[in-house]
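J.:
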Amino acid sequence: MYEGDEEKWSLQLDKPIFALGKTDIDSDITEEVVACSWDGYTFFVDHHRNFVMYKFDEPVAIRGFCVGKYSLVGSKNLPTLVYVTFQGQVIVYYDVELTSLGIMTLNDYDLDISHLSSSSHDNGSTESRAQCIRKLLHRVSLD
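Number 1143 in my numbering belongs to position 107 of the sequence shown; there are no gaps in the numbering.
#1: So, Glu1068 versus Phe1080, is the Cβ gap smaller than 7 Å?
#2: Taking 7 Å as the cut-off, decide whether the C-beta atoms of Leu1137 and Asp1082 are in contact.
#3: Does Arg1085 come out as helix, strand or coil in the three-state DSSP assignment?
#4: What are the boundary residues of the beta strand (DSSP E) that Gly1057 is part of?
#5: Name the residue from Lys1105, Trp1074, His1084, Ile1098 whose alpha carbon lies nearest to the alpha carbon of Lys1091.
#6: For Trp1045, which of Thr1121, Arg1099, His1084 has the nearest alpha-carbon?
#7: Going by C-alpha to C-alpha distance, which of Leu1056, Glu1043, Asp1064 sits closest to Leu1134?
#8: Beta-carbon within less than 8 Å of Leu1108's beta-carbon, same chain only, minus the 5 sequence neighbours each way: which residues are those?
#9: Note down the Cα distance separating Asn1113 from Arg1099, rounded to an integer number of angstroms.
#10: What does Glu1042 pair with, by DSSP beta-bridge criteria?
#11: Just grab the DSSP bridge partners of Ala1071 for me.
Written out as structure tokens, the structure is:
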């Protein structure tokens, strides 16, 4: 990314990129760069160089990828990915949203675990604080 003649940041991806676009894919009011390679790898990159990679199932045709906010009849514009395969199929992913491109920690979740203690709980459970936190982490990873 450049501002004037000055390079602000760059990111080396391990795939040759043939298509670029931009859209707000994580509802944070800033647009992310979306890049697609011939073999279907799609990269979503934010301004902090965090990225998520998605593998589309098939190779993508020349000029066979676009991204933006599009709508279905009677609906609002939402982030959409459009792929065209070498077999001529048009695959549309509508209302695509990522919760975050950055690494999230437990501090990023609005969790209150202050009531957990290593002693018995009010409900008679004898689970330790560590056991409760492990269960909580399992639940968060499933979300």
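For each residue, glycine too, the CB sits at the ideal point set by N, CA and C.
T.: Let me lay it out:
#1: yes
#2: yes
#3: coil
#4: 1053 to 1059
#5: Trp1074
#6: His1084
#7: Asp1064
#8: Tyr1130
#9: 22 Å
#10: Glu1039
#11: Leu1056, Phe1079
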